[in-house]
Each structure stands twice: as structure tokens, then as C-alpha cells.
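Colleague:
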Amino acid sequence: MVEDWKSYEPLIIPDIPNLHRIEVYEEHDGYRAFRRILDNPEEWSRTNVTNEVKAANIRGRGGAGFNAGLKWSFMPQPDERPRYLACNGDESEPGTFKDRNIFEFNPHLFIEGALIAAYAMSVDVIYVYIRGEYIDWVRIFEKAVEEAYEKGYLGEDILGTGIDIEMYTTYGAGAYICGEETGMLESLEGKRGYPRIKPPFPAQKGLWGNPTTINNIETLANVPLVINNGADWYQSIGAEDHNGPVLYGISGHVNKPGVYEYPAGMPVEDLIYDVAGGIRGNKELKALIPGGTSTPVLRADQLEGVSMDSNSLRDAGSMMGTAGMVVLDEDTDMVDLLWRITHFFHHESCGQCTPCREGTGWLEKVLLKIKNGEGEIKDLDLLLDMTTQMEGRTICALADAAAWPVRHTINRFRDEFEERCKKSVHAVA
Amino acid sequence: MPEVFIDNERYEFEGDYMALQFILDLGKEVPFFCYHPSMSIPANCRQCMVKAGQYIKDEETGEYELDENGERKIRWFPKMQTSCALKLSDGMVIQTQETSEEAERAQKDTLEFLLINHPLDCPICDQAGECPLQIQTYKYGPEGSRFEVKKVHKPKRVQLGPRVTLDAERCINCTRCVRFAEEISETNQLTIVSRGDKNYPMTAPSETFDDPYSLNTVDICPVGALTSTDFRFKARVWEMNQTPSIDITNGKGCNIDLWTRDNEVLRITPRHNPEVNDYWMPDEGREAFEQFNKNRVSRPSITLDENNQSNTSWNNAVETFAEILEAHDPDQLAVFGTPHASVEENYAFNKFFNLLGASNARFTPHIIPGYGDDFLITDDQAPNTNGCRLINLEETDDTGIQSAVTSAKVVIILSDDLVGRGVLSADDLADRYTISLATNQSDTTEASDLVIPITCVAEHAASYVNIDGRIQRSFPAKETKYTNRRLNLEMSEGRLDRYGTNFDNWVNEEHKIDCLPVWEFLNHLGERIGLEFQYDHSRAIFDEMSDRIDPLKGISYERMDEELGVQLPIEQQEVTQA
Amino acid sequence: MTEQELAFTQDELDEIERIKAKFPTNKAATLRVLWVAQEKYGHVKPEVQNLVADTLDLPRSHVHGVASFYTQYYKEETGTYVLDVCTCLSCQVCGGYDILHHLEDELGIKAGETTEDGMFTIQEVECLGACGYAPMLQVTNGVYANNLTKEKVDKLIENLRKGKKPEFESMVMRQNEKRKKELSQ
Ligand SMILES: Cc1cc2nc3c(=O)[nH]c(=O)nc-3n(C[C@H](O)[C@H](O)[C@H](O)COP(=O)(O)O)c2cc1C
Ligand code: SF4
Ligand code: SF4
Ligand code: FES
Ligand code: FES
Numbered sequence: 024m025v026e027d028w029k030s031y032e033p034l035i036i037p038d039i040p041n042l043h044r045i046e047v048y049e050e051h052d053g054y055r056a057f058r059r060i061l062d063n064p065e066e067w068s069r070t071n072v073t074n075e076v077k078a079a080n081i082r083g084r085g086g087a088g089f090n091a092g093l094k095w096s097f098m099p100q101p102d103e104r105p106r107y108l109a110c111n112g113d114e115s116e117p118g119t120f121k122d123r124n125i126f127e128f129n130p131h132l133f134i135e136g137a138l139i140a141a142y143a144m145s146v147d148v149i150y151v152y153i154r155g156e157y158i159d160w161v162r163i164f165e166k167a168v169e170e171a172y173e174k175g176y177l178g179e180d181i182l183g184t185g186i187d188i189e190m191y192t193t194y195g196a197g198a199y200i201c202g203e204e205t206g207m208l209e210s211l212e213g214k215r216g217y218p219r220i221k222p223p224f225p226a227q228k229g230l231w232g233n234p235t236t237i238n239n240i241e242t243l244a245n246v247p248l249v250i251n252n253g254a255d256w257y258q259s260i261g262a263e264d265h266n267g268p269v270l271y272g273i274s275g276h277v278n279k280p281g282v283y284e285y286p287a288g289m290p291v292e293d294l295i296y297d298v299a300g301g302i303r304g305n306k307e308l309k310a311l312i313p314g315g316t317s318t319p320v321l322r323a324d325q326l327e328g329v330s331m332d333s334n335s336l337r338d339a340g341s342m343m344g345t346a347g348m349v350v351l352d353e354d355t356d357m358v359d360l361l362w363r364i365t366h367f368f369h370h371e372s373c374g375q376c377t378p379c380r381e382g383t384g385w386l387e388k389v390l391l392k393i394k395n396g397e398g399e400i401k402d403l404d405l406l407l408d409m410t411t412q413m414e415g416r417t418i419c420a421l422a423d424a425a426a427w428p429v430r431h432t433i434n435r436f437r438d439e440f441e442e443r444c445k446k447s448v449h450a451v452a
Numbered sequence: 002m003p004e005v006f007i008d009n010e011r012y013e014f015e016g017d018y019m020a021l022q023f024i025l026d027l028g029k030e031v032p033f034f035c036y037h038p039s040m041s042i043p044a045n046c047r048q049c050m051v052k053a054g055q056y057i058k059d060e061e062t063g064e065y066e067l068d069e070n071g072e073r074k075i076r077w078f079p080k081m082q083t084s085c086a087l088k089l090s091d092g093m094v095i096q097t098q099e100t101s102e103e104a105e106r107a108q109k110d111t112l113e114f115l116l117i118n119h120p121l122d123c124p125i126c127d128q129a130g131e132c133p134l135q136i137q138t139y140k141y142g143p144e145g146s147r148f149e150v151k152k153v154h155k156p157k158r159v160q161l162g163p164r165v166t167l168d169a170e171r172c173i174n175c176t177r178c179v180r181f182a183e184e185i186s187e188t189n190q191l192t193i194v195s196r197g198d199k200n201y202p203m204t205a206p207s208e209t210f211d212d213p214y215s216l217n218t219v220d221i222c223p224v225g226a227l228t229s230t231d232f233r234f235k236a237r238v239w240e241m242n243q244t245p246s247i248d249i250t251n252g253k254g255c256n257i258d259l260w261t262r263d264n265e266v267l268r269i270t271p272r273h274n275p276e277v278n279d280y281w282m283p284d285e286g287r288e289a290f291e292q293f294n295k296n297r298v299s300r301p302s303i304t305l306d307e308n309n310q311s312n313t314s315w316n317n318a319v320e321t322f323a324e325i326l327e328a329h330d331p332d333q334l335a336v337f338g339t340p341h342a343s344v345e346e347n348y349a350f351n352k353f354f355n356l357l358g359a360s361n362a363r364f365t366p367h368i369i370p371g372y373g374d375d376f377l378i379t380d381d382q383a384p385n386t387n388g389c390r391l392i393n394l395e396e397t398d399d400t401g402i403q404s405a406v407t408s409a410k411v412v413i414i415l416s417d418d419l420v421g422r423g424v425l426s427a428d429d430l431a432d433r434y435t436i437s438l439a440t441n442q443s444d445t446t447e448a449s450d451l452v453i454p455i456t457c458v459a460e461h462a463a464s465y466v467n468i469d470g471r472i473q474r475s476f477p478a479k480e481t482k483y484t485n486r487r488l489n490l491e492m493s494e495g496r497l498d499r500y501g502t503n504f505d506n507w508v509n510e511e512h513k514i515d516c517l518p519v520w521e522f523l524n525h526l527g528e529r530i531g532l533e534f535q536y537d538h539s540r541a542i543f544d545e546m547s548d549r550i551d552p553l554k555g556i557s558y559e560r561m562d563e564e565l566g567v568q569l570p571i572e573q574q575e576v577t578q579a
Numbered sequence: 003m004t005e006q007e008l009a010f011t012q013d014e015l016d017e018i019e020r021i022k023a024k025f026p027t028n029k030a031a032t033l034r035v036l037w038v039a040q041e042k043y044g045h046v047k048p049e050v051q052n053l054v055a056d057t058l059d060l061p062r063s064h065v066h067g068v069a070s071f072y073t074q075y076y077k078e079e080t081g082t083y084v085l086d087v088c089t090c091l092s093c094q095v096c097g098g099y100d101i102l103h104h105l106e107d108e109l110g111i112k113a114g115e116t117t118e119d120g121m122f123t124i125q126e127v128e129c130l131g132a133c134g135y136a137p138m139l140q141v142t143n144g145v146y147a148n149n150l151t152k153e154k155v156d157k158l159i160e161n162l163r164k165g166k167k168p169e170f171e172s173m174v175m176r177q178n179e180k181r182k183k184e185l186s187q
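Residue numbers (this note's numbering), protein chains in the order written: chain C, 24 to 452; chain G, 2 to 579; chain R, 3 to 187.
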């Protein structure tokens, strides 16, 4: 757990006006990491870069928390096929609103990170896929890409090294499932965002059948920090086994919602009460969804001593997810809340596979019934049954993400759900 | 050789195999919907779940690791696997629903999901009786329904195209139809529209599903969502009788099944033959069923005065034919064989006139250049052009046919609408005595003086050589006035055939055509004019041919049946307009 | 509108070429060219989908399938302003439904409907990635209006009626004091 966070100075989004402009970024040592690599290709061979990033243990910020360098090492040896890096800026997990800050306030840090990743994996083309609703941020980001091209960081013969890397920005049109990595690949190929079956994994067969790695925007923004300061330094920030700076998105019933940058492993209570200014109207905390809708809700009494890192959250019964924290006060109606969550997954299921297509709709309909006071106790057990019927049975993890909140919210707030149910017809004579 | 262990049995395998296909090839079962052996594997129905794992091998010794009881250690995969997309690897362990309760449970769970939004209108659904969903539910499904909320409503009775109707509520989103249009027919006319549980297959709004192969989607749709507009509500599967046959509407010779009820052909579906048509056939070939029932020549007919044809007796037909032959020299006859009839018919027909002293029959291919595609539709409009060549009929073009007619007094045509297809005009035949041996009424039979009704492909066993030189054969599927299902061992019996009688309204004598196989008619004719000509069955003709014709050496009906037709060692002849 | 009248201008075609150049296949340009078309016509009804398909030389069914999958494409004509009110998770718990219902009352329509004068369409949408600034809405696939109150919504409607769209609002991290100061200057 991190204790000395009060003195922490943001690194991903430092407090530097106009940092989104390339001159300002360069003034503050921008593109230094990338230049260092290019200037010392022996010290910084592609393998060495990958190993350094692997040693740093940048846990994927897109939700799954996978070690970025390790993922890069899955790319096959270069052959005649083109190689791609697909950057995931779909940011659609409810409760999550952090990547847009990188596009807006420090786009070059991300571009530099993506370039280093591309170098390490011998990638030819970087696609940056941004959700369609973020069109204003797309425009802001596109300007940054243009600047990077003008300065010779992107395109052909980068900084005279003979290396060619293109970066193309594109955007979606409204579909949460295009944040799932292979759904995103399908969307990039111009199709309906139907996630692909794995294997083959994208590193083997990704975009147009070619080797592809997918990383989240924030994940890649961490890369230059590692190259500049070393894996050991990076390891020293944050919690054991979950380190580095994290963009915490705090929303819900707090006085000062917003995105905050602090080390991984922040005490949950400090984040809620110090950083985000405590619960609105001096109400009591009821529960926390720690990392986006898919992560299991934790009751206030489960939060004691818990910190925002994967081990601590796992022990508490949840997950880190995207670190999009939704804070819920004592007045929150958990039945309404859970119904709305299932409505989201029902709306966003791509519909390819049976358990998810049918299950998400059924979950929502039964919860609506309960919300309207027409449910019965047996419906709660039906809902729990359905979650086991969905979990682990589908092409992508959306079905799991839909099942978990149902299981855990009902189990952790069972009384509240039972109270909303009709008294059984056979009860009391 | 690499090994796998399925339901505790050991099997060896070679090459790339998906578990489901391997299990099916063993004759075992795992329920599935979206998988189709000839298309890509989307693994979207999630029905074919099995429990799978891997025996752990010591990397250094290559030996299996054992536990304290001396049993091999298994590393189970963390999740249930869809067997259709599970690639076999050495030492893999698979448990199907037969040995794993978890697999059984997973399959039941998926079926429950598939059924919640399904209308369950089996009593009025065309697919009932041959519906994988109905069958799998019966075998592997949950008992009752726990679904007590509102079902999703979707469009019903949508005319997707001229031949295919969609009931989107029955659709289980397996995407077989969409993949067919993308990967097999390549018209790309279908897509899934919308998202989530609102998904269903559709064309673009301005387009219609007029894919020339559209009806294959009806065959592969695992539920009753896609039905044949034409066949809707016409018959129940269990009332029909299924007989293997060959598509005679073009030169490809797609393998098909004829579905009959009470001696009417009600539908035609493709029969799997990986060498010819895989699982598919063109829509056109399916529409041919009409020509087996309707517009048939039944009973011989004769032209008495100028334009009036009237039915006559078989005796009189034989007599008339004989008198004409007796009144003319062989060189006054123009004898035409045809690519539209089988090898046996052409052979017997040609031999008959050879015996009379006539030279080999002529034929002209029936080609429409540019009509075909790269798939199963051919320029060749006839099923047996190469068969005519095989038995050395004299190939000629339209002019050749015309000049043969001009120099003849008598024209004898085997089953070829030469007038209808523009080779001859009715006028060309006006001053000649014209005899047609025909299955169907046509411009040619109309212009004929004597018409002998003969059996069609649905009524006899006979073989056809396709454009690629493959010889394949038909079976009798419908009775004529002179055949009897119960006596002919080659004919299959459906429920109605077995239990219907002439006195109930299931059976209708009208559906039996008054016709004979060509050879049988020629037997009678030969007898009348004292010609030594006698074939009791097409099989006898084939045996004779296989003795005499080199490329047919060693080939028999049995071989054709076992090997789904036999590729002949003949030069692949480009079938073009001569 | 008949299909004959539909066509991209040379400028638009040039833009489409630039989009195509980013990808190895025409198909990959589908989403972006649908956007170009929607910016031009305000919707991608079937005839516009066909224009996209024909321009990219792709099966019409493909474009139709894609257009119907993604929610930001308008498959029907909408009001001049489409108000996408987020009622998802964070917005739900911060009064997103109050904002939605207030709008419905003010404009006299329900979510999914368009006002008679063709000015406004209201839609209820999923999380827009502005959860810390809840409740919020997006105007016609464009600018975000954050931290809404009923009063702010009334003002927004009033402005939109006058053709005045809200301006892009930079949500600076609270830790970034210097940036905030600079922004407020
Ligand atoms: C349903 C679903 C939605 C997802 N949405 C996003 C998203 O919006 N943004 C994102 O970066 N990752 C998302 N992910 C995670 C990605 O699949 C993938 O793990 C991630 O982009 C990899 O990048 P990382 O390793 O750098 O985190 C989603 C996953 C699932 C199953
Ligand atoms: S789990 Fe759901 S979202 Fe994922 S592929 Fe299957 S249907 Fe689509
Ligand atoms: S219509 Fe039939 S074949 Fe097509 S997706 Fe639906 S169930 Fe599958
Ligand atoms: S048959 Fe395997 S998932 Fe459909
Ligand atoms: S929940 Fe409304 S913007 Fe995220």
C-alpha cells in the first residue's frame, strides 16, 4: 500500500501547460526515451527494450492487467508479413474516462510510448482506435500526430535511422464491444465488431491475418517512463506486483469527482475521502465498484485496509479493472443499479454467441421484474444460475463481465434484493 | 503417431483435426449447430462444448507424468471447450457429454438459452422432423422452461428473395446462411443486421436474395428460420421418401436426393459428394422436380390427320413404328441420340438402329455459352454430353442435324426437344415422318407423328457422364404404371407407400405415368420386327457396355454406388459448341 | 431522395481516398466513409448506405450490416440536434434519469422521439466516458455538456434553439493547478 502519496507529482499527465504541443513536450525531455533508443541501438536492441519493459511490469491498463512487455514478447519473429500495433482508445467501460485525458493533455507521451513499442516489436503500422463519441479528442490527437510526423518522429526514415513506422488514427461509431481487443480488430477491418475466437491469438493472426499486438493507451503512455528511468525505478512506484502511476477515474457520490494520477496501490479510503473529497452531503459510503462496471462491487465493510492494486482487490473479492472507481453512498438503490448494469450489457452484447446474446437479455428482463416489485425469491436463484451458465462459455469476456456484477451484487446485497421481491404466494398462511 | 483420448478410448490421428470433426468421423456424437465442414468455423452457437485437457508429459524424457496411483496426470483446460474449434494435439484428453457431467451440463445450459427466445412453433414449422434444434433439445435439452419474461419479437414471413422465406424469430444466429453467401456462392447478399439479441440475417434493403444457390441456405439452416417459399407447408418430412439421384438440368451432375410422396417428386435436395458438388446444388436443379410430375407424356400418341394428336394403345404404337421401319431403308432414317438422356438409353437406342443397318446416331450438345459460372452451373444444359461421346455417337452441330433431317424420310428423336431449343423448326419436320421417344411434352413432341412415352431419371436406374468425365447413376424414385415399389428392390418405401392403399386418399394412381424405359419399348419393337434385341434391365445394358467400351472396364453400378460415381479415364473434353 | 441524386463531391471523394490510404483494404474504410456520408446527409438511411457501398465497391449487405451494428449511425432522419443523455452507471447514480426526464418534459417527447418542429431528438445512451462529470449529455455525436443541472439543461436548449452549440470543455485534472490557472486566464 502506498502511504506517501501526498507528495506524488503526476508523470503521465504532469502539471505543465500546453504539454500537448510538441515543442513544449520536447522542452520537457519529450521524445528523449525514443531518441536514446535510436541513438544506442546496441544497448537498446529490440529485445533489450522488450526485456526492460517486461521487467518493469507495466500491467495493462485496459482492464486485464497483463504485463505489457511479456505480451510484446509473444510476437513471432519478423517475416515477410506486415506487423501491427493496435492501440486501444475505445474506453467504453462504464466508470472509465481516463484515456481521453492522455489524448487531450499529453498525447506525445502516448505517441512516444507507441513508437517504442513499435520499435521493440518491429511493427510497421500503428493504428490508434478511438471511440467515435470522442470525436473532439480524435481531432486534438490527430493534430499531435501531425506534429510528430512534421518533426520526423513518424513516417519514413525516422530521424534518419532508416526505420519506417506509420501511425494512423481512426475511430469507431458506438459499440462497447469494439474495446474488446479482437472486436476492435474486426472494427479496424471495417466490419461488425464481432470478437474472434482465440486461438489463433492476435500476435499470430491479427489485423488482416498478420502479427498484431493490442495495448491500451495508458499502458503505452507508461513506456517512455520506463526507458527514461529504468525498470527498477518503475518497480519502486506503487504496490508490490502492481506498480507505476495509475490514472484513477473517480465518479459517483463524491465531492470532487474526476481523474487523478497516483501510484498503483493507493488506499481506497484515501482516494475516496482525501483525494476525492469524501461522500457528497456527508452521507455514508455504501459500496464501491473499483474498476469499471465489470468489476464486482464491494460493500463498505469489505473496503477496510484495501488498496487499489490487483492483489489487495483480489483478496477483497474484486478486481482492479480500469481503475474507474464508482463510489456509491447509503441511498443507492442496488436493485436499480444492477438492473441498469445488466441493461448496459444487454445493449452492448454483439450477439454472436448464444449464452451472451440470450443471457444478457434474460438477466435484464428478470432484474426489471424485480425492480418493478414483481420478482420472486426464486428469480434471484435463477439469476445466479444464469451467471454460471454464461461465465467461461463464450467467445469473449463480455459475458463474464455481465455475469460477475449480477452474482456479486446479489450475493453482497441479498437482503435488499429479497426485500424487493414479492412475498412468495405460498408463504404465511 | 499422435494420440488422443476421447471418452476414455485411445485414438490415433494424423494431420490437422478439430475435435468435433474427429468425433463425428468416429461415428460418435456431440451436438452442434453452427459448425459446417465446408465453411469457416465461427464457434458462435457454443453448443458443442466438451471438457478437455492434456496429459502432462515430462519434457526431458517425453514420458507421461504419473500421479501417486500410477495414473497419468491431466491438466484440464480452465474452461469448457467448443469442440468444433478445438485442435487436436498429442496427448489431448476429451470428455464428451457421455463421460462428463460438466460437458452435459454445459450443453444443456446452451440449449436452454437457445430456446428462450425461440417461438417453439414446431407443429406448424416446415423444419419439424429434420430440425437439429428439435432433435438436440429432445436429446440433450433441459426439461421445463424457466423463462417467464417477454420474448424478443423479430420480423416473420419475410420474403428474403424469390425462393427463400425468413422467420427471424426462429433464427439462432448460427451465421451459416451468411457464411454460405460469403464463402460458397460468393454473392455476399446476406449479412447479420442489428446487434445482440436483435440480430438476424438480412439482405441490403435494396437487394433481394436471388443468389442462384439461395436454397442451399434452407438446407443448412439448423432451424426453420429459412424455408423454401415454394415448399412451405407442402409436406411433412416423415411422409416422404428419399431416393438418391443425379441433377439432370446441367452438365455438372450434382448428386441429389429426390423426395417423393405418393409418386410425386415434391422436392430435390443436394446429396454430399466431395468430388462433385460437396453439399450444394443450384436452385435451378431443384426446380426440376416439376418436370418429373407435370407435362409428362403418358400413353403413346399418334397424329392421325394434320394437327390432331390422340392417344393410342401400346400395341398400336409398336405396330405403327414397325410399319414405318419396314417401309423404309435404313439410309432413309435420321436417328438422333441425345445428351439429355442416360448412357444406357442412348446405347440401347443406337444399338437397335445399328442392328437395323443404320449408321451411328447423331447428337448435338446443348450449350448456352456464358450461361455457367465457376461453380455448379455449366454452359452445358444437358447431363450426359460426355456419355454420348463415350459410346461414339456422331457429334454434330445444328447444321449437321438439319441436313440429316433434310435428306431423311423418317426422323427418330430420343428425348431431345430439338425444336424447343432451336436446332430444328417444326417446319423442318413437317414433311418427314417424325417419331419422338420422350419424357415430357414439348415443341418437338407436338411436331411429331408418333410419340412414345419413356421413363425419366426419376423412374429408372441409369448412368450419366458429367462434364468432368465422372459417371454417376440414378435410382427409380417414382413408380410408373408398370412398376411396383414392393417388387422392385431398388426402390425405397416411405411410410405412405407402405401403409397407403388404393382406397384411401393418400394414394393417387394419376401420379403414375404410363411410360416404359426406352429399352423395354425397344424390346417390344424388336420382337415385332424380328430383331434380336432384348435387355431386361438397364444393368444388363451397362454390363454389356462395360465389356465393350474401354473406359468403362471394371465399372459397375455397385462401384458407382460405393464410390459416389467413378471418374472415367477419358480426356477431359471441353464441352463447347461443335 | 432517390439514389440518383446521391453523390459525393470531389472534395469528399478526395477525403475518401485519404481514408482508404490508411488501410490495406477498401472494406476497412467502411466505418469512416459511413461517417463522411452521415456528416453530409445527416443520416445513413439505406440509400446512403448504398452510396457508401458503391463508392467503396463493397457488397451492399456488408455496409448495411455495419451501419446497423454501430449506434452512432442514424438509420433514420433525426432532429437538427440529437441529445444523447447518458443514464449509465455513474450518470444513473448522479441523476442522469432526472436530466433525461426533465428534457422529455421540456420538449414534450420521449427518448427515441423527435420534436414536431424537427429541432430535437432525445436518446438515452450508454456511458460516454465522462463519468466524473455526471450527469452529462452529448450533442449530435459532437460536443459534451458536463455536470448538468436542470437549469443548465434549460439554458442549453435555449442556446441550441438560437443555433448556439456549447463549446468544448476542457476537464483539467484537479492536480494540475498550473494548467487550471492558465485555462481560466
Ligand atoms: C467487453 C470488453 C471490453 C473492453 N473494452 C476495453 C476498452 O474500452 N479499452 C481498453 O483499453 N481495453 C478494453 N478491453 C480490454 C481489451 O480486450 C484488451 O485486454 C486491452 O485493450 C489490452 O491492452 P492492455 O494489455 O494494455 O490493457 C475490453 C475487454 C472486454 C472483454
Ligand atoms: S461474449 Fe457476447 S460480446 Fe463477446 S463475442 Fe459472445 S456475444 Fe459477442
Ligand atoms: S437463418 Fe438459419 S442459417 Fe441463418 S443465421 Fe439464422 S439459424 Fe443460422
Ligand atoms: S458447433 Fe461449435 S460452437 Fe457452434
Ligand atoms: S456513466 Fe455517464 S459518462 Fe460514464
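For each residue, glycine too, the CB sits at the ideal point set by N, CA and C.
Taking the Cβ atom as the reference point for each residue, do C/Gln258 and C/Asn74 lie within a distance shorter than 8 Å?
Modeller: Numbered from 1 along the first sequence, position 235 holds the residue referred to as residue 258 of chain C. Numbered from 1 along the first sequence, position 51 holds the residue referred to as residue 74 of chain C. In this structure, C/Asn74 does not lie closer than 8 Å to C/Gln258 by Cβ.
Colleague: Can you round the beta-carbon distance between G/Thr1 and G/Val219 to whole angstroms, since I take them to be within the 8 Å contact cut?
Modeller: Absent from the structure is residue 1 of chain G, since the part of chain G shown begins at 2 and ends at 579.
Colleague: Determine the chain R residues that contact C/Tyr157 at a beta-carbon separation under 7 Å, and present them in chain order.
Modeller: Along the first sequence, read from residue 1 onward, the residue named residue 157 of chain C stands at position 134. Under the 7 Å cutoff, chain R gives Gly131.
Colleague: Residues of chain C with a CB under 9 Å from the CB of R/Leu172: which are they?
Modeller: Along the third sequence, one-based indexing puts residue 172 of chain R at 170. One point to set straight first is that residue 172 of chain R is Ser, not Leu, in the sequence displayed. The contacting residues are Glu127 and Phe128.
Colleague: Taking the alpha-carbon positions, what's the G/Thr250 to G/Thr176 distance?
Modeller: As a working note, residue 250 of chain G is residue 249 in the second sequence. As a working note, residue 176 of chain G is residue 175 in the second sequence. Answer to the nearest angstrom: the Cα atoms are 30 Å apart.
Colleague: Within 8 Å (strictly less), CB to CB, does C/Ile393 reach chain R?
Modeller: In the first sequence, the residue the question calls residue 393 of chain C occupies position 370. No, no contact with chain R.
Colleague: I want to verify the contact list: residues of chain G whose CB lies under 8 Å from the CB of C/Thr417, in sequence order.
Modeller: Looking up residue 417 of chain C in the first sequence gives position 394. The answer, in chain order, is Arg47.
Colleague: Thinking just about the alpha-carbon of each residue, which of G/Arg196, G/Arg164 and G/Ser314 is nearest to the one in G/Pro283?
Modeller: As a first step, residue 283 of chain G must be located in the second sequence, where it is residue number 282. Measuring from the Cα of G/Pro283, the nearest candidate turns out to be G/Arg164.
Colleague: Leaving out five residues on either side along the sequence, give the residues of the same chain with a beta carbon under 6 Å from the beta carbon of G/Ile514.
Modeller: Residue mapping note: residue 514 of chain G aligns to position 513 of the second sequence, counting from 1. Contacts found: Arg297, Ser299 and Thr481.
Colleague: Beta carbon of G/Thr176: closer than 7 Å to some heavy atom of ligand 3?
Modeller: Counting from 1 along the second sequence, the entry for residue 176 of chain G is found at position 175. Yes, the beta carbon of G/Thr176 sits closer than 7 Å to at least one heavy atom of ligand 3.
Colleague: Under 8 Å by Cβ, that's how I've got G/Gln76 and C/Gly374 pegged, so tell me the actual separation to the nearest angstrom.
Modeller: Within the second sequence, numbered from 1, the residue matching residue 76 of chain G stands at position 75. Within the first sequence, numbered from 1, the residue matching residue 374 of chain C stands at position 351. A quick correction: the sequence has Arg, not Gln, at residue 76 of chain G. G/Arg76 to C/Gly374, Cβ: 33 Å. No contact.
Colleague: Please list the partners that C/Ser372 has in chain G, where partner means a Cβ-to-Cβ separation under 8 Å.
Modeller: Your numbering for residue 372 of chain C matches position 349 in the first sequence. Under the 8 Å cutoff, chain G gives Arg196, Gly197 and Asp198.
Colleague: What separation, rounded to the nearest whole angstrom, lies between the Cα atoms of C/Cys444 and C/Trp362?
Modeller: As a first step, residue 444 of chain C is located in the first sequence; it is residue number 421 there, counting from the start. As a first step, residue 362 of chain C is located in the first sequence; it is residue number 339 there, counting from the start. Distance between the alpha carbons of C/Cys444 and C/Trp362: 14 Å.
Colleague: How would the residue list near ligand 2 read, in chain order, if you kept each one whose beta-carbon is closer than 6 Å to any heavy atom?
Modeller: C/Ile200, C/Pro218, C/Ser372, C/Cys373, C/Gly374, C/Gln375, C/Cys376, C/Cys379, C/Arg380, C/Thr417, C/Ile418, C/Cys419, C/Leu421 and C/Ala422
Colleague: Going along chain G, which residues have a C-beta under 7 Å from C/Leu405?
Modeller: Looking up residue 405 of chain C in the first sequence gives position 382. Residues of chain G passing the Cβ test: Arg147.
Colleague: Kindly examine ligand 5 and report whether one of its heavy atoms sits closer than 7 Å to the Cβ of R/Gly131.
Modeller: Against the third sequence, residue 131 of chain R aligns to sequence position 129. It does: the Cβ of R/Gly131 is within 7 Å (strictly closer) of some heavy atom of ligand 5.
Colleague: List, in chain order, every chain R residue whose beta-carbon is nearer than 8 Å to that of C/Val47.
Modeller: By 1-based counting over the first sequence, the position of residue 47 of chain C is 24. Taking the beta carbon of C/Val47 as reference, no residue of chain R falls within 8 Å; the closest one sits roughly 12 Å away.
Colleague: Once you ignore the five residues that flank R/Tyr99 on each side, which residues in its own chain have a CB closer than 7 Å to its CB?
Modeller: As a working mapping, residue 99 of chain R is identified with position 97 in the third sequence. The answer, listed in chain order, is Thr89.
Colleague: Are there 16 or more other CB atoms within 10 angstroms of the CB of R/Lys77, so buried, or fewer, so exposed?
Modeller: Here residue 77 of chain R corresponds to residue number 75 of the third sequence, with the count starting at 1. In summary, R/Lys77 is buried, with 16 or more beta-carbon neighbours lying within 10 Å of its beta-carbon over all protein chains present.
Colleague: According to DSSP, G/Arg560 sits in a beta bridge with which residue or residues?
Modeller: Numbered from its first residue, the second sequence carries residue 560 of chain G at position 559. DSSP output for G/Arg560 lists no bridge partner at all.
Colleague: Check for me: the alpha helix (DSSP H) holding C/Cys379 runs from which residue to which?
Modeller: The count along the first sequence starts at 1 and reaches residue 379 of chain C at position 356. Its alpha helix (DSSP H) spans residues Thr377 to Lys394.
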